[in-house]
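In the working numbering, the protein residues as written are 3 to 500.
Yeah, the Cβ is synthetic: ideal placement off N, Cα and C, and Gly gets one too.
Reviewing the structure listed below.
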Ligand SMILES: Cc1cc2nc3c(=O)[nH]c(=O)nc-3n(C[C@H](O)[C@H](O)[C@H](O)COP(=O)(O)O)c2cc1C
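In structure tokens:
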């Protein structure tokens, strides 16, 4: 069964005891954050929470429930993408990219199901009756402040939409982009769009500005869970996220034309905020915002979106998230990306066995990589390759270890890495673009990067001593102890090193 919208996903989570309903009033100003933060910091990521009576800043109770922490556990993240475990998607992608020119009719026939599978993905359009347009508000009826948009942290510049799919279109190629960029509410019909300079939405905006054309934007909330996730995925600019979501769902995302622009939006969404950016206008102050680094990002200038319509279901749910000191819900969205993109990363760097971005590294600060080392300098080649790949170019520290190291295990990786390095010989610095949220770099979005080669050193790399063996028990002893284990009566809990 495919889940087509947020109502169905919430029902599924409830049935699996993965979601808690809160029927007492809770304020959208800080209180939802504090409750969600306690859940997200608990073992395994805590439950999803649905607030039935969100209290607006004005003291009015909203009749639109707020749902948070939808993706905040391994279990729910997998469920959202319709798999047992996230690596199952990587296997599907692996199968697709292994496609080679068929040799003979048998291979040609075997290829057919794969080709028809790809043909199923592109979004389709419904002519009328889209659920996301059951209610259409325009003109004086547009009021962002009537929505239960949360103010996350005490130092935030205002209320923020935090789990949107921001839809724009490349004016040159016509290819759609869908990005998850936070949006600050500035008034009833105006908001600020925080797309960072390295992101695709920002590139579309620069192109529209150079043409002097107004840019249509749609801020979508809800829809099917793979579509929500796909907005956060670092797909290349020429890939439409709703095609990718269709691939994840094995079913097309149904779209409908927006009411006030020619953009298309997911028909099954809960709410759609339609608007435009006028590149001729002055930028507006956005922020500060309690960010996913665990620090406030400073206020800066971003484009204003003028809202032309709010369309919604009759009974919408409002999905949101919070970011802040890790771990938070976004760790699981990022982890899904890490797993799903592994085969694509290996397409460029086949020597990569595995990689991991631990929660404390807030994605761009730390990347562990295990490689199948084949020649002297191989670790440096991999680091340089990663620093040249899409958003991986923003990685601040990359640690490369040998193939046998389980990089999903933080303690194991640091244990091996710190044992294996001679810091002066094995650490190198380079320069490059850095994440907009990096507050320590010497300049905004520009600074240094550190590579650590923690692989076993070879003679050709100037290492002329003997490299020691890892300590391991012999198999025969292990088997003898396995055989007596029940009798020993020792009960042990597995350790979680993530
Ligand atoms: C919860 C959450 C909030 C995010 N907020 C922003 C944001 O405000 N601005 C931004 O540029 N990226 C933000 N990101 C990261 C982007 O969604 C991510 O880099 C994505 O790949 C961007 O899409 P694009 O590659 O199509 O530009 C956020 C990610 C998550 C999971």
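No residue range can be given for residue 374, since it is assigned to no beta strand (DSSP E) and is classified by DSSP as neither H nor E. Each of 294, 312, 404 was checked against the Cα of residue 260, and the nearest Cα belongs to 312. For residue 179, the Cβ falls inside the 6 Å cut-off from some heavy atom of ligand 1. Here residue 295 has 364, 439 as same chain residues with Cβ atoms under 6 Å from its own Cβ, once five neighbours each way along the sequence are excluded.
According to DSSP, residue pairing for residue 314 in a beta bridge involves 137, 273. When distances are taken from the beta-carbon of residue 206 to the heavy atoms of ligand 1, even the shortest one reaches 6 Å or more. For residue 52, the enclosing beta strand (DSSP E) covers residues 50-53. Beta-bridge partners assigned by DSSP to residue 266: 259.
Ligand 1 never approaches residue 171 closely enough for any of its heavy atoms to be under 6 Å from the residue's Cβ. Per DSSP, the beta bridge partners of residue 189 are 192. Of the residues 182, 473, 235, the one whose Cα lies closest to the Cα of residue 393 is 235. Looking at the backbone, the Cα of residue 66 and that of residue 169 are separated by about 23 Å. Within the chosen limit of 6 Å, ligand 1 reaches the beta carbon of residue 335 through at least one heavy atom.
If you ignore the 5 residues before and after residue 262, its C-beta comes within less than 6 Å of the C-beta of 276, 310, 311, all in its own chain and listed in chain order.
The Cβ-Cβ distance between residue 342 and residue 82 does not fall below 7 Å. Residue pairing by DSSP puts residue 431 in a beta bridge opposite 452. For residue 329, the three-state secondary structure derived from DSSP is coil. Relative to ligand 1, the beta carbon of residue 199 is positioned no closer than 6 Å to any heavy atom. By the neighbour-count criterion, in which 16 or more other beta carbons inside 10 Å mark a residue as buried, residue 492 falls on the exposed side. Excluding residues up to 5 positions away in sequence, 381, 382, 402, 428 lie with their Cβ nearer than 7 Å to the Cβ of residue 455 in the same chain. Nearest neighbour of residue 62 by Cα position, chosen from 174, 27, 457, turns out to be 27. Judged by beta-carbon spacing, residue 194 lies beyond the 7 Å limit of residue 325, meaning their Cβ atoms are not closer than that value. In terms of side-chain proximity, the C-beta atom of residue 183 is found nearer than 6 Å to a non-hydrogen atom of ligand 1. At a cut-off of 6 Å, the beta-carbon of residue 242 does not count as near ligand 1: no heavy atom of the ligand is closer than that.
Assigned with DSSP and collapsed to three states, residue 62 falls in coil, not helix or strand. In this structure residue 179 touches residue 202 by the C-beta definition: roughly 4 Å separates them, less than 8 Å. Look at residue 7 here: in three-state DSSP terms it is coil, with no helix or strand label. Beta-carbon to beta-carbon, residue 315 and residue 133 are separated by about 5 Å, close enough to satisfy the 8 Å threshold. Going by beta carbons, residue 125 and residue 238 fall outside the 7 Å limit. In the three-state scheme derived from DSSP, where H, G and I count as helix and E and B as strand, residue 226 is classed as coil.
Counting of Cβ neighbours within 10 angstroms places residue 469 among the exposed residues, the total staying below 16.
Runs of the beta strand (DSSP E) lying entirely within the segment 397-428, each at least 3 residues long, are 399-404 in chain order. Nearest in C-alpha terms to residue 387, of all of 5, 245, 85, 348, is 348. Relative to ligand 1, even the nearest heavy atom lies 6 Å or more away from the CB of residue 252. For residue 234, the distance from the CB to the nearest heavy atom of ligand 1 is below 6 Å.
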